[in-house]
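For reference, the structure discussed in these notes is given below.
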Amino acid sequence: MPVLTPADAADAQQMIASAAAERQPLEIRAGGSKQALGRSERPEDVLDVSRLTGVIDYEPSELILTAHAATPMAEIQALLDGHGQMLSFEPPDWRALLGASPKGQGTLGGVIACNLAGPRRVRAGAPRDYLLGFAAINGRAEPWKAGGKVVKNVTGYDLCKLQAGAFGTLSLLTELTLKVMPKPETACTLLLTGLDEAAAIDALTTALNTPHEVSAAAHLPPSIAARSAVLPSAGITGAATAIRLEGPLRSVTFRLQALEALFEAQAPSARLGASDTQAFWAEVGAVAPLLGPARAVWRLCPPPADAPALVADLKMQALGAEVFYDWGGGLVWAALDGDPVDAGASAVRQAIARFGGHATLIAAPADVRATTPVFDPLPAPLKALHARIKSGFDPLGLFNPGRMHQGL
Amino acid sequence: MFAPNRGAIGAKPAERTLMLKMPPPDVGVLARRTEIVAALRKIVPGEGVIDSEVERRAYDCDGLTAYRQLPLVVVAPQTTAQVVAVMRYCSSQGIKVVPRGAGTSLSGGALPLEDGVLLSMSRFNRILEIDIANRCAVVQPGVTNLGVTHAVQDQGFYYAPDPSSQIACSIGGNVAENSGGVHCLKYGLTTNNVLGVEIVTLDGEVMRLGGKHFDAGGYDLLGVIVGSEGMLGVVTEVTVRLLPKPPGARALMIGFSSVEGAGDCVAAVIAAGIIPGGMEMMDRLAVEAAEAFIHADYPLDCAALLIVELDGCETEVDHLVEAVEAIAAVHGATSCRSSQSEEERLLFWAGRKAAFSSVGRISPDYLCMDGTIPRKRIGEVLRRVQQMEAEHGLRCANVFHAGDGNLHPLILYDANIPGQFEQAEAFGADILRLCVEVGGVLTGEHGVGVEKRDLMGTMFSDIDLEQQQRLKCAFDPDSLLNPGKVFPQLCRCAELGRVHVRGGQVRFPDLPRF
Numbered sequence: 001m002p003v004l005t006p007a008d009a010a011d012a013q014q015m016i017a018s019a020a021a022e023r024q025p026l027e028i029r030a031g032g033s034k035q036a037l038g039r040s041e042r043p044e045d046v047l048d049v050s051r052l053t054g055v056i057d058y059e060p061s062e063l064i065l066t067a068h069a070a071t072p073m074a075e076i077q078a079l080l081d082g083h084g085q086m087l088s089f090e091p092p093d094w095r096a097l098l099g100a101s102p103k104g105q106g107t108l109g110g111v112i113a114c115n116l117a118g119p120r121r122v123r124a125g126a127p128r129d130y131l132l133g134f135a136a137i138n139g140r141a142e143p144w145k146a147g148g149k150v151v152k153n154v155t156g157y158d159l160c161k162l163q164a165g166a167f168g169t170l171s172l173l174t175e176l177t178l179k180v181m182p183k184p185e186t187a188c189t190l191l192l193t194g195l196d197e198a199a200a201i202d203a204l205t206t207a208l209n210t211p212h213e214v215s216a217a218a219h220l221p222p223s224i225a226a227r228s229a230v231l232p233s234a235g236i237t238g239a240a241t242a243i244r245l246e247g248p249l250r251s252v253t254f255r256l257q258a259l260e261a262l263f264e265a266q267a268p269s270a271r272l273g274a275s276d277t278q279a280f281w282a283e284v285g286a287v288a289p290l291l292g293p294a295r296a297v298w299r300l301c302p303p304p305a306d307a308p309a310l311v312a313d314l315k316m317q318a319l320g321a322e323v324f325y326d327w328g329g330g331l332v333w334a335a336l337d338g339d340p341v342d343a344g345a346s347a348v349r350q351a352i353a354r355f356g357g358h359a360t361l362i363a364a365p366a367d368v369r370a371t372t373p374v375f376d377p378l379p380a381p382l383k384a385l386h387a388r389i390k391s392g393f394d395p396l397g398l399f400n401p402g403r404m405h406q407g408l
Numbered sequence: 001m002f003a004p005n006r007g008a009i010g011a012k013p014a015e016r017t018l019m020l021k022m023p024p025p026d027v028g029v030l031a032r033r034t035e036i037v038a039a040l041r042k043i044v045p046g047e048g049v050i051d052s053e054v055e056r057r058a059y060d061c062d063g064l065t066a067y068r069q070l071p072l073v074v075v076a077p078q079t080t081a082q083v084v085a086v087m088r089y090c091s092s093q094g095i096k097v098v099p100r101g102a103g104t105s106l107s108g109g110a111l112p113l114e115d116g117v118l119l120s121m122s123r124f125n126r127i128l129e130i131d132i133a134n135r136c137a138v139v140q141p142g143v144t145n146l147g148v149t150h151a152v153q154d155q156g157f158y159y160a161p162d163p164s165s166q167i168a169c170s171i172g173g174n175v176a177e178n179s180g181g182v183h184c185l186k187y188g189l190t191t192n193n194v195l196g197v198e199i200v201t202l203d204g205e206v207m208r209l210g211g212k213h214f215d216a217g218g219y220d221l222l223g224v225i226v227g228s229e230g231m232l233g234v235v236t237e238v239t240v241r242l243l244p245k246p247p248g249a250r251a252l253m254i255g256f257s258s259v260e261g262a263g264d265c266v267a268a269v270i271a272a273g274i275i276p277g278g279m280e281m282m283d284r285l286a287v288e289a290a291e292a293f294i295h296a297d298y299p300l301d302c303a304a305l306l307i308v309e310l311d312g313c314e315t316e317v318d319h320l321v322e323a324v325e326a327i328a329a330v331h332g333a334t335s336c337r338s339s340q341s342e343e344e345r346l347l348f349w350a351g352r353k354a355a356f357s358s359v360g361r362i363s364p365d366y367l368c369m370d371g372t373i374p375r376k377r378i379g380e381v382l383r384r385v386q387q388m389e390a391e392h393g394l395r396c397a398n399v400f401h402a403g404d405g406n407l408h409p410l411i412l413y414d415a416n417i418p419g420q421f422e423q424a425e426a427f428g429a430d431i432l433r434l435c436v437e438v439g440g441v442l443t444g445e446h447g448v449g450v451e452k453r454d455l456m457g458t459m460f461s462d463i464d465l466e467q468q469q470r471l472k473c474a475f476d477p478d479s480l481l482n483p484g485k486v487f488p489q490l491c492r493c494a495e496l497g498r499v500h501v502r503g504g505q506v507r508f509p510d511l512p513r514f
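Keeping their order, the protein sequence lines are chains C and G.
If you're matching positions, the first sequence starts at 1 in the numbering used here and goes up one per residue.
If you're matching positions, the second sequence starts at 1 in the numbering used here and goes up one per residue.
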């Protein structure tokens, strides 16, 4: 398996030009932490861009960061942290979930290309909401750019949205500009204990619908909560419904007390302080520590308030589903052990179709991801449109063919 | 703003129309006008087809009133099925379609074409569903921006993007233009506050992108539709995100003896980790005009005035007001007042919100520009704009969404003086080129439309623009939907689709530009 390792964007352009001349598709790779994400179809040749690293420009007071695409997330987060800033979308660490080596490094380009957001998604949005501009190389080996290096810009089509979540199938991203945000002064978590799933999502909805600026909202049923590295040692047993508040200390204290008063009659409550809050939401974002071993892990995005009904449906299908909820119900993580043939795809997709939303098979053995659609199959007109868009960027099908959809 | 100074320019529309090069009209289509009107009447009965010249005249421009063009015919469907039928008819007959919301675009996004059907979405004016549990509302595109907030405010919610035309502008138009407002540094633009759309493509396909859920499978076409200036599809339904209304807000009004001082203060507020709900700057001329009109008690002895709004719970707001006051003091503020009541907060804002119309009072006409710059360059940019005032012989008032670097220079001119409009346009183009030169962009929230179309080359290479056009080709291979907007040359989809790999030379050097 030939591995091409360009030293810079110009080098990458040359290699893409050669690949185009030979009609030789490329798997785009950098840190290797998300190699098991998406369909398992992979071209023979690898374009390993992990040398395209380094922060190009960081202006804290402009809320702007520009970096080469393969800059490790760890480097970016350390830099931002040093200036009291952060990536608002709280990129999760899925290395364990995807069975990647802990040495595999998540990169900025990978997070953007897969549009991966953590618990703060419910309030602050996803990478697609923070990508301001980029430089890339298309499938004609042409360097191109879109967006800008300012936080507000509507000049031309918003191709940042298209690149975020395209899983590297449209262009090779070489340089990215993101909007960064100040880190909150402090954070705490209100835990309501012992609620069943329907009551828990009701409580999260209530909390999110207050003006108290809830920045994360998750529910862990008892078996999931028991696996937490934070909750049992903080003396929490049984189901845990978690609500995060962030901001200046005085404000957080005020809002915490307001929410405690609001839920006083409904459930016993407890608090997590700042450091437990950080550890707890990191494991919610990382998913793997909380789910038991399973053949397939699904990520379901229903309308948030419908999540408990969706899960009840799934459980009726006797798939041995173990679930927990993030984003106030807008994200359901489901570990399935039943139906070895399609990893539960048909049952999962039937269930979500009743409510609206979508389902993605995140973790499953490669043979399953080769035969089961990882992303929801697209209706015919939309599929045709996807194919036309793909061919506008990558007419020869060089970049990550089949990674999202067969033939795309 | 919506058509603030329509009268002055309306006096001589014909000359203006000629100055802007649009795609040459299809004489075949012009000749078939009667037949086309009849066909549209079969699709949309009754008053939905507007044929008389007098009535069509009401649609001859949008908020960019300097450019006018009578549309071939106006059709105002009421159902998605009618939109589908109109689009199928037009695409099958090779007829251009220009979608229009409330017609408040400041960049000419809804400027009609002589040979184009103007598709008015104004009768799509119903709120279909309010879903508080999922914090969203499903609305038709003709609902006004403020109409959404009005429908949900009793339940403690609002729709965050608040362009200054919000009383009139439609959600469909907001989607097309990716509209902003004074609160978007903290709460985002339209694109961050829309969860789903239903669109009809030119070939009459109905597609639902997104919904009440987060993200979506496949490419983020929802994100691409938002801000596509009505060139990819016609939006027939929008699901917007609702936010709980902040419990309180206070505003600070801070005067500075220099624009640089005000700019430094803005940077320091953000560097201190504070993201205000709104942070606006006005220069001396804008302050004077606003004060003369609104009497908001603005300090007239300052070179720049900042209005900073902090929102949230009372504890947080009071804490942040103190913090911003302290920052202002160390950055040389000459005056600083914080609102002590809701009435006072609204008064602080009244002058800013009326800035455009105030400027309209001191000048027969003005052009409103819309570039974004890195905030740290504000002092330098305004100094150079001052120099340009002398060069072009015209005055310029500046209002500035300082939090996100979005500059709105208002160029004062008199359309009745021959040559002044052209001079004002040249001045505006110089300002936008300057925005790009200092690392900024041509438009922060008003869109490219026809206004900045011919400046796209200052920001993007031919390859960049071709890549954008290839997206257009995927939706509209015959370039029938709102052609002549955004791009300085028409899409040639067949040529753009050809595959050959190259090293970066200009592909179509002899292709005619508008």
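Just so you know, even glycine gets a beta-carbon here, dropped at the ideal spot from N, CA and C.
Note to self: With the cut-off set at 7 Å, would you say residue 183 of chain C and residue 151 of chain C are in Cβ contact?
What the structure shows: no
Check: Should residue 104 of chain G and residue 63 of chain G be called a contact, given that it needs their Cβ atoms to be closer than 7 Å?
Finding: yes
Next item on the list: Classify residue 233 of chain C as buried or exposed, calling it buried when 16 or more other Cβ atoms lie within 10 Å of its own Cβ.
Entry: exposed
Note to self: Considering only their Cβ atoms, is the gap separating residue 320 of chain C from residue 306 of chain C smaller than 7 Å?
What the structure shows: no
Next item on the list: Please list the segments of the beta strand (DSSP E) lying wholly inside the region 48–115 of chain C, counting only runs of 3 or more residues, in order along the chain.
Entry: 55–59, 64–68
Check: Helix or strand or just coil, what does DSSP make of residue 408 of chain C?
Finding: coil
Note to self: For a quick check, are the C-beta atoms of residue 144 of chain G and residue 195 of chain G less than 7 Å apart?
What the structure shows: no
Margin query: At the level of alpha carbons, what is the spacing between residue 165 of chain C and residue 472 of chain G?
Written below: 20 Å
Check: Just how far apart, CA to CA, sit residue 195 of chain C and residue 267 of chain C?
Finding: 7 Å
Notebook entry, point to check: So, helix, strand or coil for residue 419 of chain G, using DSSP?
Noted result: coil
Checklist line | Separation of residue 33 of chain C from residue 100 of chain C, as counted between CA atoms | finding: 5 Å
Note to self: So with CB distances below 7 Å, who are the chain G contacts of residue 396 of chain C?
What the structure shows: 499
Next item on the list: Please determine, among G/137, G/118, G/354, G/293, the residue with the shortest C-alpha to C-alpha distance to residue 126 of chain G.
Entry: G/137
Check: Using a C-beta to C-beta distance shorter than 7 Å, which residues of chain C count as neighbours of residue 80 of chain G?
Finding: Near residue 80 of chain G there are no residues of chain C at all, since even the closest Cβ is about 14 Å away, more than 7 Å.
Check: Counting contacts by CB-CB distance shorter than 7 Å, is residue 56 of chain C in contact with chain D?
Finding: The chain inventory of the structure shown lacks chain D, comprising the protein chains C and G.
Checklist line | Nearest neighbour of residue 49 of chain G, chosen from G/117, G/66, G/111 [CA to CA] | finding: G/117
Notebook entry, point to check: Straight-line CA distance for residue 130 of chain G to residue 152 of chain G?
Noted result: 8 Å
Notebook entry, point to check: Roughly how many angstroms lie between the CA atoms of residue 21 of chain C and residue 139 of chain C, to the nearest whole one?
Noted result: 11 Å
Checklist line | Reduced DSSP secondary structure (H/G/I, E/B, other) of residue 158 of chain G | finding: strand
Margin query: According to DSSP, simplified to helix, strand and coil, what is residue 341 of chain C?
Written below: coil
Next item on the list: Can you tell me which of the three DSSP states residue 221 of chain C falls into?
Entry: coil
Notebook entry, point to check: Along the chain, where does the alpha helix (DSSP H) that runs through residue 225 of chain G open and close?
Noted result: 221–225
Note to self: Under 7 Å, Cβ to Cβ, is there at least one residue of chain C near residue 166 of chain G?
What the structure shows: no
Notebook entry, point to check: To which residues does DSSP link residue 399 of chain C through a beta bridge?
Noted result: C/26
Check: Measuring CB to CB, does residue 160 of chain G end up less than 7 Å from residue 89 of chain G?
Finding: no
Item checked: Top-ranked residue by Cα proximity to residue 249 of chain G, from G/311, G/271, G/281 -> G/311
Next item on the list: Tell me whether the beta-carbon of residue 106 of chain G lies closer than 7 Å to the beta-carbon of residue 368 of chain G.
Entry: yes
Note to self: Here's the rule: buried if 16 or more other CB atoms are within 10 angstroms of the residue's CB, otherwise exposed. What is residue 334 of chain C?
What the structure shows: buried
Item checked: residue 141 of chain C to residue 133 of chain C span [Cα, whole Å] -> 19 Å
Next item on the list: Please name the residue, chosen from C/224, C/160, C/264, C/251, that lies closest to residue 192 of chain C on a Cα-to-Cα basis.
Entry: C/264
Notebook entry, point to check: Which of helix, strand or coil does DSSP assign to residue 203 of chain G?
Noted result: coil
Notebook entry, point to check: Quick one: is residue 330 of chain G buried, meaning 16 or more other Cβ sit within 10 Å of its Cβ, or exposed?
Noted result: exposed
Next item on the list: Leaving aside the five residues before and after residue 186 of chain C along the sequence, list all residues of the same chain whose C-beta is less than 8 Å from its C-beta, in chain order.
Entry: 246, 247, 248, 249, 252, 274
Check: Relative to chain G, which residues along the region 144–158 of chain C have a C-beta separation below 7 Å, given in chain order?
Finding: 144, 145, 146, 148, 149, 150, 151, 152, 153, 154, 155, 156, 157, 158
Next item on the list: Between the Cα of residue 480 of chain G and those of G/227, G/309, G/26, spot the shortest distance and give me the residue it belongs to.
Entry: G/26
Next item on the list: Drop a sphere of 10 angstroms on the beta-carbon of residue 212 of chain G, count the other beta-carbons inside from all chains shown, and report buried for 16 or more, exposed for fewer.
Entry: buried
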